[in-house]
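When we follow the working numbering, the leftmost residue of the sequence shown carries the number 4, and every step to the right adds one.
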Amino acid sequence: MSLQSILCNINTFNKVMIPFYQPRSFIPVKGKGCYLWDQQGKKYIDFSGGIAVLPFGHAHPKLNKILHIQSKKLWHISNIFTNEPALMLAKKLVDHSFADCVFFSNSGAEANEAALKIALYYASHYYDNTKNNIVSFNNSFHGRTIFTVSVGGQSKYSSVFNSNIYNKNIKHISFNNIQHIEKMINIKTCAVIIELIQGEGGVISADKSFIKKLRELCNIYDVLLIFDEVQTGIGRTGTLFAYEQYEVIPDILTTAKSLGGGFPISAVLTTNKISKILYPGLHGSTYGGNPLACSIAIVILDMINNRKLLNLIKKKFLFFSKKINKINKLYNFCEEIRGKGLLLGILLKKNCYFSITEIMYYAEKEGLILLSAGSNVIRLAPPLNISYKDINFGLYLFEKSLQKLFFKKLLQNIYLYTLIMLLY
Ligand SMILES: Cc1ncc(COP(=O)(O)O)c(C=O)c1O
């Protein structure tokens, strides 16, 4: 073990880090494809994909290569200049989406913040300051800045910050409820922001009819419709953007995560109709669109924008579902399999024999890394190029961990039962 590994452990984390996170007890030090190794050399198959960030897993040779090439040319110049990789990337995003133009920043929250600022500005430019309501959905997640937690529909992330002061113009309404949007969207609304699949909220897909109705209402009241594709964008659901499967075009789309494959970058995509009123200085970011991040994103986009790969992503959803249903016949834990492409949610049964924490802990002991979404959904977001062999292996470990957990619980119950019998 290296000196660094001896010095860095969870106790170090507890001493020197602000406790905003409670990381797993092991520390990964190396990755390759969908595998990770920890300080002790234990190997894990990673179904979390850096929380839906790694479309080609860890340390993909093509991405390593471009990182090295660009690192020798130009790292950062700020936005007092433009740069070739940023222009190339913007052109590619425009060529393969509804959008005419792009703004780059560094994270999903920043992209959403920019999108909301654009919508507020658009409304005040064409109307007046009373067209300032933002409609968002219960359980939604749009980031962790003070504005994006306030817009997000999970009060656990915002209420402790006395966020009510930001909230007065934000309306949180029920997801997939057409009657509710008909009541809540009106001439005072300037933006509707929605995830086509609520990721953090439990991997819940929006209904096509609901999204179509949203578009209709936004057209009637000249409201900007923002699709937050931070998690669903860049191939995750089996199309380059999830909106393609809804046949509805947004006014603004935000994306991040898979775009940089682990290198921080996000993008806001919009149309000329909106951008023509925006001007230099209205918004900005020091690092946004830096050449390193953009060079990587160009290669990722080229690799993902491939019909064969995108179709395979859809097929792998069915493959995962079939296998999970088979395991469910043995352990009866799953109520529903949710999601699209390689963003999957396994909703646990209400009276499931196992808790989500137990499942994740036992899976980790077997060498499988899972994610959760909310309190009762296991979320899977493996690399988009994961092989059938690796899916089989990961799900074999999943089954093995449920088996061990099942026997542990059985033994506990037998022990308890015997104890009660002895006492009486
Ligand atoms: C839909 C969605 N929007 C926004 C964000 C925030 O992105 P970031 O953590 O990069 O700021 C996330 C992160 O999980 C997300 O899933």
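Backbone N, C-alpha and C fix where the C-beta goes; we use that ideal spot for every residue, glycine too.
Residue nearest to residue i in terms of C-alpha spacing, selected from the options
i, options, result
"residue 60", "80, 46 and 36", "36"
"residue 257", "106, 77, 38 and 186", "106"
"residue 58", "314, 345 and 75", "345"
"residue 179", "139, 171, 168 and 173", "139"
"residue 203", "182, 287 and 235", "235"
"residue 367", "29, 20 and 207", "29"
"residue 277", "46, 288, 129 and 14", "129"
"residue 149", "165, 75 and 18", "165"
"residue 141", "171, 121, 132 and 177", "177"
"residue 121", "417, 112 and 281", "281"
"residue 220", "6, 182 and 246", "182"
"residue 358", "391, 409, 347 and 421", "409"
"residue 34", "63, 18, 21 and 14", "63"
"residue 333", "401, 390, 222 and 421", "401"
"residue 440", "292, 313, 420 and 416", "Any property of residue 440 remains undetermined from this structure, which presents the chain solely from 4 to 427."
"residue 113", "392, 154 and 389", "154"
"residue 263", "12, 69, 13 and 10", "69"
Close-in-space but distant-in-sequence residues of the same chain around residue i (CB under 6 Å, 5 per side omitted)
i, result
"residue 363", "373"
"residue 8", "42"
"residue 126", "134 and 193"
"residue 355", "336"
"residue 387", "58, 238, 316 and 345"
"residue 56", "260 and 265"
"residue 304", "95"
"residue 290", "109"
"residue 190", "224"
Own chain, CB closer than 8 Å to residue i, minus 5 neighbours either side, in chain order
i, result
"residue 352", "335, 336, 337 and 338"
"residue 50", "37, 371, 372, 373, 374, 383, 384, 385 and 397"
"residue 328", "337 and 340"
"residue 160", "144, 147 and 152"
"residue 249", "199, 209, 211, 214 and 215"
"residue 394", "319, 322, 323, 326 and 385"
"residue 73", "88, 294, 295, 298 and 299"
"residue 97", "103, 104, 105 and 272"
"residue 76", "294"
"residue 187", "138, 174 and 176"
"residue 287", "82"
"residue 428", "Only positions 4 to 427 of the chain appear in the structure, and residue 428 is not among them; the question remains open."
Neighbour flag for residue i against chain C, beta carbons, 8 Å
i, result
"residue 35", "No chain C is present in this structure, which holds just one protein chain."
Exposure of residue i, with buried meaning 16 or more beta-carbon neighbours within 10 Å
i, result
"residue 341", "buried"
"residue 210", "exposed"
"residue 44", "exposed"
"residue 163", "exposed"
"residue 425", "exposed"
"residue 253", "buried"
"residue 71", "exposed"
"residue 52", "buried"
"residue 84", "exposed"
"residue 284", "exposed"
"residue 47", "buried"
"residue 21", "exposed"
"residue 13", "exposed"
Inter-residue CB distance, residue i and residue j (contact presumed, cutoff 8 Å)
i, j, result
"residue 324", "residue 371", "Rounded, the Cβ-Cβ distance is 18 Å, inconsistent with contact."
"residue 26", "residue 40", "That belief does not hold up - the Cβ atoms of residue 26 and residue 40 are roughly 16 Å apart, past 8 Å."
"residue 267", "residue 110", "6 Å"
"residue 311", "residue 241", "Rounded, the Cβ-Cβ distance is 12 Å, inconsistent with contact."
"residue 261", "residue 238", "6 Å"
"residue 205", "residue 376", "5 Å"
"residue 136", "residue 196", "Not quite, the Cβ-Cβ distance comes to about 12 Å (not below 8 Å), so this is no contact."
"residue 301", "residue 4", "Wrong, their Cβ atoms sit about 38 Å apart, outside the cutoff."
"residue 423", "residue 380", "Incorrect: roughly 34 Å between the Cβ atoms, too far for contact."
"residue 118", "residue 229", "5 Å"
Sequence-distant residues of the same chain with beta carbon closer than 7 Å to residue i, five excluded per side
i, result
"residue 244", "100, 232, 236 and 256"
"residue 16", "26"
"residue 172", "135, 136 and 137"
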